[in-house]
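Here's the structure we're looking at; comments come further down.
Residue numbers (full-length UniProt numbering): 1 to 156.
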């Protein structure tokens with residue numbers, strides 16, 4: 001088990017980032033919050049030993065992405081209907097971009113979020129997602145093309 005100080009440090013340091021990653025995958029704040037709670041519980045229960053803070057951060061990101069994938073693949077998720085939540089703090093241009101990113105397939109949303117919102121390099125994203133850097137670069141390129149097309153259609 002982890003000490004209260006360790007758990008508090010991880011929550012303070014990583015909870016917001018994990019919430020953003022989960023939200024980018026699930027497009028639902030409540031489900032993203034539940035996912036972060038599950039990931040933090042797993043962190044407390046498993047109490048893995050890390051080589052560095054970067055290793056810890058990568059582990060938390062990987063577990064969050066995996067949990068989101070499992071959630072999206074679940075029968076419960078596939079058979080329910082979403083309520084439109086909206087994002088009130090964004091202006092129209094930002095909302096269009098966020099909506100376009102949210103409409104991307106999950107494999108593209110993950111790399112776009114980690115690259116643009118979290119500031120990871122393609123090599124770091126490849127390590128987090130257990131794929132090759134070239135795959136990440138290809139997905140980023142395809143995602144950019146899809147975003148350009150979607151945003152161009154909304155402008156016209």
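Where a beta carbon is used, it is the ideal one built from N, C-alpha and C, also for glycine.
Everything numeric in this text was worked out from a predicted model, so none of it was measured.
* Touch test, the region 97-112 against the region 137-145, Cβ-Cβ under 8 Å, three pairs minimum -> Short answer: they touch.
* If we ignore side chains and look at the alpha-carbon of each, how far apart do residue 148 and residue 99 end up? -> In a straight line, the C-alpha of residue 148 is about 13 Å away from that of residue 99.
* Asked: Smallest Cα separation from residue 39: which of 132, 55, 74 and 14?
  -> Nearest to residue 39 by C-alpha distance, out of 132, 55, 74 and 14, is 14.
* To do: In the DSSP assignment, find the alpha helix (DSSP H) that holds residue 67 and state where it starts and stops.
  => Counting along the chain, the alpha helix (DSSP H) containing residue 67 begins and ends at 53-73.
* Simplified DSSP state of residue 110, which is helix, strand or coil -> Helix.
* To do: Spatial neighbours of residue 71 within its chain, please: CB distance less than 8 Å, with the 5 preceding and 5 following residues excluded, ordered by chain position.
  => Contacts found: 26, 31, 35 and 77.
* Asked: In or out: residue 41 buried (at least 16 other Cβ within 10 Å) or exposed?
  -> Note on residue 41: under 16 other CB atoms within 10 angstroms of its CB, so exposed under the neighbour-count rule.
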